[in-house]
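Taken in sequence, the protein lines are chains A and B.
The first sequence runs 2 to 209 under this note's numbering.
The second sequence runs 2 to 209 under this note's numbering.
The beta-carbon is built from N, C-alpha and C at its ideal position, and this holds for glycine as well.
The model shown is predicted, which means the values in this text are computed figures rather than measured ones.
2 protein chains.
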Amino acid sequence: MATRPKGRTIDRRNREPEILAAAIEVFHKKGYAAASLRDVADIVGVLKGSLYHYISSKEELLARICVESHKQSSMIMQESLDSADTPLDQLRTFLHKTAIWYLTNIERVHIYFNEGKWLTGDRLEEVRTQGREFHAFIRSLIDRARSEDRIRTDVDPRVAAQLIIGALNNISTWYRPDGLYSPEEIAGIYTDMTLASLANPVPGLVSA
Amino acid sequence: MATRPKGRTIDRRNREPEILAAAIEVFHKKGYAAASLRDVADIVGVLKGSLYHYISSKEELLARICVESHKQSSMIMQESLDSADTPLDQLRTFLHKTAIWYLTNIERVHIYFNEGKWLTGDRLEEVRTQGREFHAFIRSLIDRARSEDRIRTDVDPRVAAQLIIGALNNISTWYRPDGLYSPEEIAGIYTDMTLASLANPVPGLVSA
Chain A
2 MATRPKGRTI DRRNREPEIL AAAIEVFHKK GYAAASLRDV ADIVGVLKGS LYHYISSKEE
62 LLARICVESH KQSSMIMQES LDSADTPLDQ LRTFLHKTAI WYLTNIERVH IYFNEGKWLT
122 GDRLEEVRTQ GREFHAFIRS LIDRARSEDR IRTDVDPRVA AQLIIGALNN ISTWYRPDGL
182 YSPEEIAGIY TDMTLASLAN PVPGLVSA
Chain B
2 MATRPKGRTI DRRNREPEIL AAAIEVFHKK GYAAASLRDV ADIVGVLKGS LYHYISSKEE
62 LLARICVESH KQSSMIMQES LDSADTPLDQ LRTFLHKTAI WYLTNIERVH IYFNEGKWLT
122 GDRLEEVRTQ GREFHAFIRS LIDRARSEDR IRTDVDPRVA AQLIIGALNN ISTWYRPDGL
182 YSPEEIAGIY TDMTLASLAN PVPGLVSA
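Following this line, the structure appears as structure tokens:
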């Protein structure tokens with residue numbers, strides 16, 4: 002930037018991505034309730050007041066983290082529908098891609114599930130709506146797979162979706178990036194086990 | 002109690018169960034960090050000072066809740082081993098009984114998983130040890146089932162145990178006692194899906 006005019010003091014970079022990354026770091030480390038905008042500003046290396054060019058409050062930061070996470074999830078939904086013709090293969094793709102995204106964005110996912118509760122009003126409602134969409138997407142694929150006789154009919158799609166999402170959401174609490182397995186490997190095991198959990202027969206019931 | 006000697010002012014009942022129940026109620030409603038011993042005393046209907054006959058601190062209350070929960074879990078482990086001869090049937094019994102216990106003790110389970118982190122020192126270490134025991138028990142049954150060719154060999158017992166526990170632990174976040182299903186029904190679906198997830202061929206891989 003040798004040609005930059007001398008005397009310019011305003012930093013015109015868009016620091017929003019940096020600010021969001023810093024907020025993720027701080028909210029994950031301290032918890033949202035204990036974290037302050039000053040903590041975020043310190044990491045970015047700006048004065049706290051400069052943050053207000055980008056966001057109006059700590060809650061807005063949390064909301065943006067949650068909204069961005071859900072956008073990612075919506076993209077994966079669309080990719081999954083485009084990737085295959087059968088609901089079971091679409092479900093496989095969705096769960097596999099989502100698990101990898103979770104495993105490579107553990108801090109963000111942890112905030113989404115553990116700190117999202119601090120949002121208020123319309124923002125809280127939006128995150129709840131997102132959760133319902135996520136659930137409805139999985140449930141609808143299970144429903145269609147069931148009507149095509151690809152999975153057991155005794156599986157209730159609503160309960161199955163909750164259990165499948167439960168195992169997925171919980172991954173961010175136990176996965177260690179420095180452990181034995183890569184995100185792809187964990188995602189593969191999770192997806193295989195989940196698909197098998199929907200298929201016939203239930204072992205003990207027929208062979209025990 | 003018409004024959005009770007007159008003038009007795011000391012209440013000789015053991016109020017510990019009441020105190021623990023009140024603590025569960027308060028910690029669940031307010032969160033451990035925001036709850037106070039005064040809140041607990043108010044529910045029991047005693048002065049805060051009276052609690053010190055039974056416990057030395059708020060942290061001790063939380064520790065007792067966690068230790069009691071784990072005792073329950075240890076009993077279920079023993080019952081499961083006694084209930085069947087094969088590891089897969091023992092696992093079925095363990096998961097089924099544990100899920101029912103979770104579903105009928107949602108507040109307690111919620112505290113165990115979400116507030117246990119506030120424990121310190123030896124108490125925190127104890128809860129962590131309990132978590133490892135729980136995991137090791139499930140893993141060992143999967144290990145044995147695998148060596149007896151009852152489940153797929155491509156299932157890694159450590160990762161499988163984490164995923165199975167993840168779905169289980171997460172149940173307390175979505176189950177509604179006033180919903181469509183009883184604890185027994187949810188436990189049945191969870192157990193069936195879990196056993197199938199270990200034993201069944203993975204559908205897409207063989208038929209898609």
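Check	Outcome
Please state if the CB of A:SER58 and the CB of A:LEU38 are separated by a distance shorter than 9 Å.	yes
Let's see if you can read the secondary structure: which residues bound the alpha helix (DSSP H) around A:ALA35?	Counting along the chain, A:ALA35 falls outside any alpha helix (DSSP H), and DSSP gives it neither H nor E.
Does the Cβ-Cβ distance between B:LEU169 and B:ARG93 come in under 9 Å?	no
At a CB-CB cut-off below 7 Å, which residues of chain B make contact with A:VAL160?	TYR182, ILE187 and ILE190
Are the CB atoms of B:HIS97 and B:THR192 within a distance shorter than 9 Å?	yes
Which chain A residues sit within Cβ distance under 8 Å of B:PRO178?	Simply none; closest approach about 15 Å.
Less than 9 Å between the C-beta atoms of A:LEU199 and A:VAL156, yes or no?	yes
Since A:ASN170 meets chain B, which of its residues come closer than 7 Å, beta carbon to beta carbon?	ASN171
Report, in whole angstroms, the separation of the C-beta atoms of B:VAL128 and B:GLY117, which I expect to be a contact under 8 Å.	5 Å
Looking only at C-alpha atoms, which of B:ASP40, B:VAL41, B:ILE107 and B:VAL27 sits nearest to B:ASP179?	B:ILE107
Between the beta-carbon of A:VAL1 and the beta-carbon of A:ALA36, is there less than 9 Å?	Given that chain A is displayed from residue 2 to residue 209, the structure contains no residue 1 of chain A and the question cannot be resolved.
Please classify A:GLN163 as buried or exposed, where buried requires at least 16 neighbouring CB atoms within 10 angstroms.	buried
Starting from A:ILE112, trace the alpha helix (DSSP H) in both directions and tell me its first and last residue.	107-116
Should A:LEU52 go down as buried or exposed, given a rule of 16 or more other Cβ atoms within 10 Å for buried?	buried
Using only the alpha-carbon positions, how far apart do B:LEU181 and A:GLU134 sit?	20 Å
So with CB distances below 9 Å, who are the chain B contacts of A:SER84?	Per Cβ cutoff of 9 Å: no residues; A:SER84 is ~12 Å from chain B at best.
From which residue to which residue does the alpha helix (DSSP H) around B:ILE172 run?	158-175
List the residues of chain A that B:GLN131 touches, going by C-beta distances under 8 Å, in chain order.	Chain A residues near B:GLN131: none, gap ~15 Å exceeds 8 Å.
Taking B:VAL203 as the reference, which of A:ILE20, A:LEU89 and A:ASP40 has the closest Cα?	A:LEU89
Give the DSSP-derived three-state secondary structure of A:SER57 in the structure shown.	coil
Give the straight-line distance between the Cα atoms of B:SER81 and A:GLY122, rounded to the nearest whole angstrom.	46 Å
Confirm, please, whether the CB-CB distance from A:LEU63 to A:LEU120 is below 9 Å.	yes
Hey, A:GLN73 and A:TRP102 are a contact pair by Cβ (cut 8 Å); roughly how many whole angstroms apart?	6 Å
As a quick exercise: from B:ILE66, B:GLU19 and B:VAL41, pick the residue whose alpha carbon is nearest that of B:ARG124.	B:ILE66
Can you confirm whether B:ASP150, when its beta carbon is compared against all beta carbons of chain A, has any partner nearer than 9 Å?	no
Do you know offhand how far B:GLU61's Cα is from B:ASN15's?	17 Å
Identify whether B:GLU149 lies in helix, strand or coil by the three-state DSSP scheme.	coil
Counting contacts by CB-CB distance shorter than 9 Å, is A:ASP157 in contact with chain B?	yes
Which residues mark the beginning and the end of the alpha helix (DSSP H) in which A:PRO202 is found?	Per DSSP, A:PRO202 belongs to no alpha helix (DSSP H) and is neither H nor E.
Measure from the C-beta of B:ALA209 to each C-beta in chain A and report whether the shortest distance is under 9 Å.	Model confidence at B:ALA209 stands at a pLDDT of 37, short of 50, so the residue's coordinates are unreliable; what they give is reported in the following sentence. Chain A contact via Cβ: present.
Can you give me the C-alpha to C-alpha distance between A:PRO18 and A:ALA24, rounded to a whole angstrom?	10 Å
Going by CA-CA distance only, name the one from B:HIS136, B:ASP40 and B:ALA188 that's closest to B:SER75.	B:HIS136
Output, in chain order, the set of chain A residues within a Cβ distance shorter than 8 Å of B:SER81.	Under the 8 Å cutoff, chain A gives no residues; its nearest Cβ is about 13 Å from B:SER81.
Whose Cβ in chain A lies nearer than 7 Å to the Cβ of B:VAL203?	ASP193, LEU196 and ALA197
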